[in-house]
Each structure stands twice: as C-alpha cells, then as structure tokens.
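Here our numbering is used: the first residue of the sequence shown is 548, the next is one more, and so on.
Down below is the structure, laid out as structure tokens.
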Amino acid sequence: MILLLVGTLLLFKQFGMLFPGWLFSWPVFLIALGLFLGFRHNFRNPSWFVLVIIGVLFFIERLIPSLDASDFVWPIIIISLGVWLIFGKHKYQRRRYYNHEPELNPADPNYYPETPLPASDLGNMASEPAYAYTADYTNRISNEDFLHATSILGGVKKIIVSKNFQGGDITNFMGGSEINLTQADIHGRVIIDITQLMGGTKLIVPSNWNVVSEMISIFAGLDDKRLIQPGNFNPEKVLIIRGTSIMGGVDIRSY
Numbered sequence: 548m549i550l551l552l553v554g555t556l557l558l559f560k561q562f563g564m565l566f567p568g569w570l571f572s573w574p575v576f577l578i579a580l581g582l583f584l585g586f587r588h589n590f591r592n593p594s595w596f597v598l599v600i601i602g603v604l605f606f607i608e609r610l611i612p613s614l615d616a617s618d619f620v621w622p623i624i625i626i627s628l629g630v631w632l633i634f635g636k637h638k639y640q641r642r643r644y645y646n647h648e649p650e651l652n653p654a655d656p657n658y659y660p661e662t663p664l665p666a667s668d669l670g671n672m673a674s675e676p677a678y679a680y681t682a683d684y685t686n687r688i689s690n691e692d693f694l695h696a697t698s699i700l701g702g703v704k705k706i707i708v709s710k711n712f713q714g715g716d717i718t719n720f721m722g723g724s725e726i727n728l729t730q731a732d733i734h735g736r737v738i739i740d741i742t743q744l745m746g747g748t749k750l751i752v753p754s755n756w757n758v759v760s761e762m763i764s765i766f767a768g769l770d771d772k773r774l775i776q777p778g779n780f781n782p783e784k785v786l787i788i789r790g791t792s793i794m795g796g797v798d799i800r801s802y
C-alpha cells in the first residue's frame, strides 16, 4: 500500500502537479515507515518510535538549519529502548505469562530446571563467526514455553527444551542472541517476534519445522542456511518469524 501511494505521488509530480518539497524527503520517509511498523505490530516494539523520532529530528533540522539533529540521534535511541524495556516489554510479557504460562511442577517428567551450560560450550560458540560483538554470553538450558531474550551490548544463548513451545520475543541492541530449538517441540503455528538494532539473531531449529519469515528488514537480511529437502516439513509445525531488523541479521540453521 505504501509503495502504491509513493509511486502514485511521484507519478503525479512528473505530470507537473505541485507537491511540497518536504513530502519526498527522507525524514518524511522515516516517519511514514515508523508509523507503518507501529501499526503493523500494534506499537509493541520500539523500532517504530525510534524511526519516527529520528525522522522528526531531521525534519526539524530542515526547518531550523542551525540545529544539528545528529547530536540527538543516539540519546533518543538509547532512551527509547530503555523506556520500552522498563514499561512496554515487561507489560507485554506479564500479559502473556498470566494468560498462558503454566505453573511449573517439579514432579512433572517434562520439568527441566534451568541449568548453566558447561564452560566447554563457550569455546564452541566463540569459534563460530556469528557476530563479533557477542563475546559476553548468558548461557542456560530452559524449559520455558515462552521465550524472552534481551541482549544489550552483549549476548544471550539459550537451549529451549520445552515440548510445548509457544513462541516468544527477542530484543537485540548492538548484541546477539543464539536460540537452540532442536530439543523443543511445537504444535501448530507459533510466532517469534524479533526486534533488533545493529544486532544479530541465530535460530537453530529442527529440520522438519516449516519456517515462515514475515520480518521487516531495513539495511538487514534474513539468511536461511538450512538444507531444504522436499517433503521433509511437518505441516503441523510452523514457526513464524516476525519483527523488525535494522542494520542486523537473522540466521536460521538446522543440524
């Protein structure tokens, strides 16, 4: 829809119809993109707000040439991320937890307490050329049905063993997350929502899962490195990847 609108406006401009010059400026594009991402994800992640604020700052700079908007970009990004981590994300997580998360029972045969990974696993991770800025990792095995991973200037590594995995969210800011789902199981369609700015996510999934990407990538990409074999996918196991990646990457693998 946005592409159709922009294309139509550009076409009208070629026919000599008058439009204000600022309408086709890149600050307005950032504002429009931010609002689009906000509506698409119900204003749940901070990427839309960051884009809108940056667009507004540089738009004001056009109106006030003495203002250097670049001085405000990083403080705005950091403040926005901090506010979202304190209020927005925690509220979203609590709602999902109380609505869906079952109480863990140690007597349940499927109960796996969270356990630190052995130090030897750190060496295996360091040897992979994933993301150079993910040297400081928080490592654990988790039986959580809902995944919550946040990485800021560091890294998170989780091995999910839940047999009723229901999705979750990943947030990376100049950091990386590695999520191993090879020991997990899903029933039907589940969603992982990824929000990252200059960060990276590595997902290791079972080979019979059908992975569907609905990511919005801005100067970023999603690389599916799995060896696809026809007829190998189970139609009852669908992992949907949504979210926004700005200057980052998502890497999908199967072992």
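C-beta: ideal position from N, C-alpha, C; glycine also.
Where the beta strand (DSSP E) containing residue i begins and where it ends
| i | result |
| --- | --- |
| alanine 696 | 694 to 699 |
| leucine 744 | 735 to 744 |
| lysine 705 | 702 to 707 |
| isoleucine 793 | 784 to 793 |
| glycine 714 | 714 to 720 |
| asparagine 727 | 723 to 727 |
| glycine 778 | Careful: glycine 778 lies outside any beta strand (DSSP E) and carries neither H nor E. |
| asparagine 690 | Premise fails: asparagine 690 is in no beta strand (DSSP E) and is neither H nor E. |
| aspartate 770 | 768 to 771 |
| aspartate 798 | 796 to 800 |
| valine 758 | 757 to 765 |
| lysine 749 | 747 to 751 |
Residues near residue i by beta carbon distance below 8 Å, same chain, minus five either side
| i | result |
| --- | --- |
| leucine 551 | none |
| valine 708 | Tyr659, Ile688, Ser689, Asn690, Gln730 and Ala731 |
| leucine 582 | Trp595 and Val599 |
| methionine 794 | Leu744, Met745, Ile765, Phe766 and Ala767 |
| phenylalanine 780 | Asn755, Trp756 and Asn757 |
| isoleucine 789 | It should be pointed out that residue 789 corresponds to arginine in this sequence rather than to isoleucine. Here the set comprises His588, Ile738, Ile739, Asp740, Ile741, Glu761 and Met762. |
Cβ neighbours of residue i in the same chain (closer than 7 Å, five flanking residues each side left out)
| i | result |
| --- | --- |
| leucine 614 | Ile607 and Glu608 |
| leucine 610 | none |
Residue i: first and last residue of the uninterrupted alpha helix (DSSP H) it sits in
| i | result |
| --- | --- |
| phenylalanine 576 | 573 to 587 |
| phenylalanine 619 | 617 to 630 |
Own chain partners of residue i with C-beta closer than 6 Å, once the 5 adjacent residues on each side are dropped
| i | result |
| --- | --- |
| glycine 585 | Trp595 |
| isoleucine 706 | Ile688 and Asn727 |
| glycine 714 | Val737, Ile738 and Ile739 |
| leucine 558 | none |
| valine 597 | Ile624 and Ser627 |
| threonine 791 | Leu584, Ser594, Thr742 and Ile763 |
| methionine 672 | The pLDDT assigned to methionine 672 is 38, lower than 50, so where the model puts this residue is not dependable; a value taken from the coordinates is nonetheless given after this. No residues qualify anywhere along the chain. |
| asparagine 657 | Any reading at asparagine 657 must be qualified, since the residue scores a pLDDT of 44, below 50, and its modelled position is unreliable; the value itself is stated next. Answer for asparagine 657: Lys710, listed in chain order. |
| threonine 697 | Thr718 |
Contact with chain D by residue i, beta-carbon distance below 8 Å
| i | result |
| --- | --- |
| isoleucine 624 | Of the protein chains in the structure, only one exists, and it is not chain D. |
Nearest-angstrom Cα separation, counted from residue j out to residue i
| i | j | result |
| --- | --- | --- |
| serine 760 | isoleucine 578 | 24 Å |
| tryptophan 573 | serine 617 | 14 Å |
| histidine 734 | aspartate 692 | 12 Å |
| valine 752 | serine 801 | 5 Å |
| alanine 666 | isoleucine 775 | Confidence at alanine 666 is low in this model, with a pLDDT of 42, below 50, so its placement is unreliable and no value can be given for it. |
| histidine 695 | asparagine 755 | 24 Å |
| threonine 555 | arginine 587 | 22 Å |
| glutamate 783 | glycine 602 | 42 Å |
| leucine 700 | glycine 722 | 5 Å |
| tyrosine 680 | phenylalanine 712 | Per-residue confidence for tyrosine 680 stands at a pLDDT of 39, beneath the threshold of 50, marking its modelled position as unreliable; the derived number appears in the next sentence. Near 28 Å, if we compare the C-alpha coordinates of phenylalanine 712 and tyrosine 680. |
| asparagine 589 | lysine 772 | 30 Å |
| proline 777 | phenylalanine 720 | 36 Å |
| proline 844 | proline 612 | A question about residue 844 goes unanswered here, because the residues of the chain that appear run from 548 up to 802. |
| isoleucine 787 | leucine 580 | 22 Å |
Whether residue i touches residue j by CB criterion (8 Å)
| i | j | result |
| --- | --- | --- |
| aspartate 530 | glycine 747 | In the structure displayed, the chain extends from 548 to 802; residue 530 sits before or after that span and is not available. |
| leucine 604 | valine 620 | yes |
Proximity test, residue i beta-carbon vs the ligand SAM heavy atom, cut-off 7 Å
| i | result |
| --- | --- |
| valine 597 | Of ligands this structure carries none, so the ligand SAM is not represented either. |
Cβ separation of residue i and residue j, assumed to be a contact under 8 Å, to the nearest whole Å
| i | j | result |
| --- | --- | --- |
| serine 724 | valine 758 | Actually they are not in contact, since the Cβ atoms of serine 724 and valine 758 sit about 16 Å apart, beyond 8 Å. |
| aspartate 798 | lysine 749 | 5 Å |
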